[in-house]
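Participant: One structure is given below, represented as structure tokens, and several questions about it will come after.
Residue numbers (the working numbering), protein chains in the order written: chain A, 21 to 115; chain B, 19 to 444.
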């Protein structure tokens, strides 16, 4: 089942590669920018699943992103963009 | 503050606290409605964040639908400040008036000073500047500083450079004076004459012929070193040699006398304060002076002191003046003869000291009482015998009939005598 589900995604990836299109737009993937260990900017998110000072879970088009750290804070959040400040220790993508 | 912060300030910002079992839900629903959230903080079970005032009502409906609680913690920005100012319109008006007054008053020059003048009186420069439009209280908007600089330079030839520097409400006129020779340089023949009378102590001649001897008494204006060098009498030349005219130079030191006079009364009337005083404050405005005009009534005589805090506004004088009157009364103070002599001596010696400032050496100082016993004051004369150079160069008279031999000599040796230069020296 999952193999079948991944097939169109694989095709999209190949097509995007072939046509040199930005994959985050074509495949609806998140774009993450990290400044040192202190700031993280994320584009193309799908909302907040869990928000705490030591862990933040952010919903993505496929799965979610888990951010572990200390004194984490959402600096701002907009419809498809957010920024997190604090001490970032780990990022984990969960399907 | 960046542009976004300015927009937030103009639009107004509120900080809210959302209480509920799953506050992340509120964030997601707010995002889906396009509400922009800032500074999201977790506070225990609750979440607080800031948003624009325009997003407050949609957020409230979300929270109500979820049956969560919401408190507005703080409000910042212009809409809230506007509401305060609408209630306190006098405060807003005062603020606007203050800004306008600050702007209007800062467009005038309130303090004007002169820098760099040494020989030319600053008042003279300020008067000249006023003639060309620069004075205390002038509006700097229409001021032509170039015209003021040129005008001052034209008015005062002693100045070589003028710069008008205006910074805020302060104006500075920077000037540089021309350097002129302090004395006229004597170019032609000259004698060395006595500046004052005295007894010659010693002398030496660099140029010219000495006319005095050691121990000789000389009077003021007497020739000490002559600029006319006569030919030696024992010359055996067939034709007599004419005298030469030179600029005499040398030093002639003589004993001279200086005097200082001092007097002091045996009885003196002095004004002493009784301790009674009165004071009043008056307000000076361009339309008149108001307030205390109370005079020192009841006082036989009073000493008046005024302390003013007045500024020159464009409309006239503006400020306060505090006037105080201290009653005084006359008392006669008696001095013994010894006290009066001491005081008079002190005055006489001080006067003598002032006269002795350029002398080389003081030989002797004497003090004597010159008043009669019947006088009501003591008179003292202090004199000092000092040694000093009394010689001073004086251009020679151009009356050539005095030296007929020199008539032919003039024009033969220009280096020794230049008639035009000598005339200039006069």
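Note that beta-carbon positions come from the ideal geometry of N, C-alpha and C, so glycine has one too.
For the alpha helix (DSSP H) that contains residue 364 (chain B), what are its first and last residues?
Facilitator: In the second chain, residue 364 (chain B) corresponds to position 346, counting from 1. That run of the alpha helix (DSSP H) goes 355 to 373.
Participant: Could you tell me whether the Cβ atoms of residue 373 (chain B) and residue 398 (chain B) are closer together than 8 Å?
Facilitator: One-based indexing of the second chain puts residue 373 (chain B) at position 355. One-based indexing of the second chain puts residue 398 (chain B) at position 380. In this structure, residue 398 (chain B) does not lie closer than 8 Å to residue 373 (chain B) by Cβ.
Participant: Determine, using beta-carbon pairs with one atom in the region 92 to 100 of chain B and one in the region 104 to 111 of chain A, whether at least three such pairs fall under 8 Å.
Facilitator: No, because fewer than three Cβ pairs between the region 92 to 100 of chain B and the region 104 to 111 of chain A fall closer than 8 Å, the two stretches do not touch.
Participant: May I ask which residues mark the beginning and end of the alpha helix (DSSP H) holding residue 79 (chain B)?
Facilitator: Start at 1 with the first residue of the second chain, and residue 79 (chain B) comes out as number 61. Start and end: 74 to 84.
Participant: Quick one: what does DSSP say residue 110 (chain B) is sitting in, helix, strand or coil?
Facilitator: Taking the second chain and counting its residues from 1, one reaches residue 110 (chain B) at position 92. It is helical.
Participant: Residue range of the beta strand (DSSP E) that residue 211 (chain B) falls in?
Facilitator: On the second chain, residue 211 (chain B) is found 193 positions in, with the first residue counted as 1. Unbroken beta strand (DSSP E) run through residue 211 (chain B): 208 to 212.
Participant: Taking Cβ positions, are residue 369 (chain B) and residue 237 (chain B) nearer each other than 8 Å?
Facilitator: Within the second chain, residue 369 (chain B) is the residue found at index 351, counting from 1. Within the second chain, residue 237 (chain B) is the residue found at index 219, counting from 1. No, they are not a contact pair.
Participant: Cβ closer than 7 Å: which chain A residues qualify as neighbours of residue 60 (chain B)?
Facilitator: In the second chain, the residue the question calls residue 60 (chain B) occupies position 42. Per Cβ cutoff of 7 Å: 71, 72 and 73.
Participant: Buried or exposed for residue 146 (chain B), please, with buried defined as at least 16 other CB atoms from any protein chain shown within 10 angstroms of its CB.
Facilitator: Counting from 1 along the second chain, the entry for residue 146 (chain B) is found at position 128. So residue 146 (chain B) ends up on the buried side.
Participant: DSSP state of residue 24 (chain B), grouped into three classes?
Facilitator: Residue 24 (chain B) sits at position 6 when you count from the first residue of the second chain. Of the three classes helix, strand and coil, the one that applies to residue 24 (chain B) here is helix, per DSSP.
Participant: Please report the straight-line C-alpha distance between residue 443 (chain B) and residue 267 (chain B), rounded to a whole angstrom.
Facilitator: As a first step, residue 443 (chain B) must be located in the second chain, where it is residue number 425. As a first step, residue 267 (chain B) must be located in the second chain, where it is residue number 249. Note that residue 443 (chain B) scores a pLDDT of 34, beneath 50, so its modelled location is shaky; the value from the coordinates is reported in the next line. Spanning the two alpha carbons is a distance of roughly 16 Å.
Participant: Counting contacts by CB-CB distance shorter than 8 Å, is residue 78 (chain A) in contact with chain B?
Facilitator: By one-based count along the first chain, residue 78 (chain A) stands at place 58. No, its Cβ sits nowhere closer than 8 Å to a Cβ of chain B.
Participant: Hey, does residue 46 (chain B) have any beta-carbon neighbour from chain A nearer than 8 Å?
Facilitator: Locating residue 46 (chain B) in the second chain gives position 28, where the first residue counts as 1. Residue 46 (chain B) counts as touching chain A.
Participant: Identify, in the order they occur along the chain, each residue of the same chain with its Cβ nearer than 8 Å to the Cβ of residue 170 (chain B), setting aside the five sequence neighbours on each side.
Facilitator: Here residue 170 (chain B) refers to the residue found at position 152 when the second chain is read from its first residue. The answer, listed in chain order, is 143, 146, 147, 150, 177, 180, 191 and 193.
Participant: Assign residue 422 (chain B) to buried or exposed, taking buried as 16 or more other Cβ atoms, counted over all protein chains shown, within 10 Å of its Cβ.
Facilitator: Within the second chain, numbered from 1, the residue matching residue 422 (chain B) stands at position 404. Any reading at residue 422 (chain B) must be qualified, since the residue scores a pLDDT of 44, below 50, and its modelled position is unreliable; no value is offered.
Participant: Report, in whole angstroms, the separation of the C-beta atoms of residue 300 (chain B) and residue 350 (chain B), which I expect to be a contact under 8 Å.
Facilitator: For the purposes of this step, residue 300 (chain B) is identified with residue 282 of the second chain, where counting begins at 1. For the purposes of this step, residue 350 (chain B) is identified with residue 332 of the second chain, where counting begins at 1. The Cβ separation is near 36 Å, so there is no contact.
Participant: Give me the chain B residues within the contact set of residue 87 (chain A), using Cβ-Cβ distance strictly less than 9 Å, ordered along the chain.
Facilitator: Taking the first residue of the first chain as position 1, residue 87 (chain A) is located at position 67. Per Cβ cutoff of 9 Å: no residues; residue 87 (chain A) is ~13 Å from chain B at best.
Participant: Locate the alpha helix (DSSP H) running through residue 102 (chain B), then write down its first and last residues.
Facilitator: Start at 1 with the first residue of the second chain, and residue 102 (chain B) comes out as number 84. Run containing residue 102 (chain B): 96 to 105, per the alpha helix (DSSP H) assignment.
Participant: Return the bridge partner residues of residue 220 (chain B) from the DSSP annotation.
Facilitator: The count along the second chain starts at 1 and reaches residue 220 (chain B) at position 202. B:271, per the DSSP bridge assignment.
Participant: Report, in whole angstroms, the separation of the C-beta atoms of residue 13 (chain B) and residue 243 (chain B), which I expect to be a contact under 8 Å.
Facilitator: Only positions 19 to 444 of chain B appear in the structure, and residue 13 (chain B) is not among them; the question remains open.
Participant: Where does residue 2 (chain B) sit, in a helix, a strand or coil, going by DSSP?
Facilitator: No answer is possible for residue 2 (chain B): the residues shown for chain B start at 19 and end at 444.
Participant: Can you tell me whether residue 385 (chain B) is helix, strand or coil according to DSSP?
Facilitator: Locating residue 385 (chain B) in the second chain gives position 367, counting from the first residue. Correct three-state label for residue 385 (chain B): strand.
Participant: Compare the Cα-Cα distances from residue 94 (chain A) to each of B:77, B:60 and B:74 and report the closest residue.
Facilitator: What you label residue 94 (chain A) is simply residue 74 of the first chain in a count that begins at 1. Per the Cα distances, B:60.
Participant: For the region 81 to 114 of chain A, which residues have a CB atom closer than 8 Å to at least one CB atom of chain B, in sequence order?
Facilitator: So the close ones are 93, 94, 95, 96, 97, 98 and 99.
Participant: Counting only Cβ pairs nearer than 7 Å, list the residues of chain B close to residue 67 (chain A).
Facilitator: Mapped onto the first chain, residue 67 (chain A) falls at position 47. Correct list: 46 and 49.
Participant: So if I threshold CB-CB distances at 8 Å, which residues from the region 27 to 43 of chain B count as touching chain A?
Facilitator: Per Cβ criterion, the list reads 41 and 42.
Participant: Would you call the region 283 to 298 of chain B and the region 386 to 401 of chain B touching, i.e. three or more CB-CB distances under 8 Å?
Facilitator: Judged by Cβ distances under 8 Å, the region 283 to 298 of chain B makes contact with the region 386 to 401 of chain B, as three or more pairs qualify.
Participant: Quick one: residues in its chain with C-beta nearer than 7 Å to the C-beta of residue 216 (chain B), no 5 flanking neighbours on either side, listed in chain order?
Facilitator: Walking along the second chain from the start, residue 216 (chain B) turns up at place 198. So the list reads 236, 272, 273, 274 and 408, once near-sequence residues are dropped.
Participant: So, is residue 292 (chain B) buried or exposed, given that buried needs 16 or more other C-beta atoms within 10 angstroms?
Facilitator: By 1-based counting over the second chain, the position of residue 292 (chain B) is 274. By the 10 Å Cβ count, residue 292 (chain B) comes out exposed.
Participant: Judging by CA-CA distance, which residue of B:154, B:339, B:316 and B:173 is the nearest neighbour of residue 298 (chain B)?
Facilitator: Within the second chain, numbered from 1, the residue matching residue 298 (chain B) stands at position 280. Checked all of B:154, B:339, B:316 and B:173; the closest Cα to residue 298 (chain B) is B:339.
Participant: Please classify residue 419 (chain B) as buried or exposed, where buried requires at least 16 other C-beta atoms within 10 Å of its C-beta.
Facilitator: As a working note, residue 419 (chain B) is residue 401 in the second chain. A caution first: residue 419 (chain B) carries a pLDDT of 45, below 50, which makes its placement in the model too unreliable to give a value.
Participant: Since residue 54 (chain B) meets chain A, which of its residues come closer than 9 Å, beta carbon to beta carbon?
Facilitator: Position 36 of the second chain holds residue 54 (chain B). What residue 54 (chain B) touches in chain A: 96, 97, 98 and 99.
Participant: Measure the alpha-carbon distance for residue 98 (chain A) versus residue 51 (chain A) and round it to whole angstroms.
Facilitator: Residue 98 (chain A) sits at position 78 when you count from the first residue of the first chain. Residue 51 (chain A) sits at position 31 when you count from the first residue of the first chain. Using only the alpha carbons, I get a separation of about 15 Å.
Participant: Using the three-state DSSP reduction, which class does residue 56 (chain A) fall into: helix, strand or coil?
Facilitator: Here the question's residue 56 (chain A) lines up with position 36 in the first chain. The answer is coil: DSSP assigns residue 56 (chain A) none of H, G, I, E or B.
Participant: Can you give me the C-alpha to C-alpha distance between residue 13 (chain B) and residue 115 (chain B), rounded to a whole angstrom?
Facilitator: For chain B, the structure presents residues 19 to 444; residue 13 (chain B) sits outside this window and is missing.
Participant: Tell me which residues share the same chain as residue 389 (chain B) and place their Cβ nearer than 7 Å to its Cβ, disregarding the 5 neighbours each side in the sequence.
Facilitator: Position 371 of the second chain, counted from the start, is the residue given in the question as residue 389 (chain B). Here the set comprises 395, 396 and 397.
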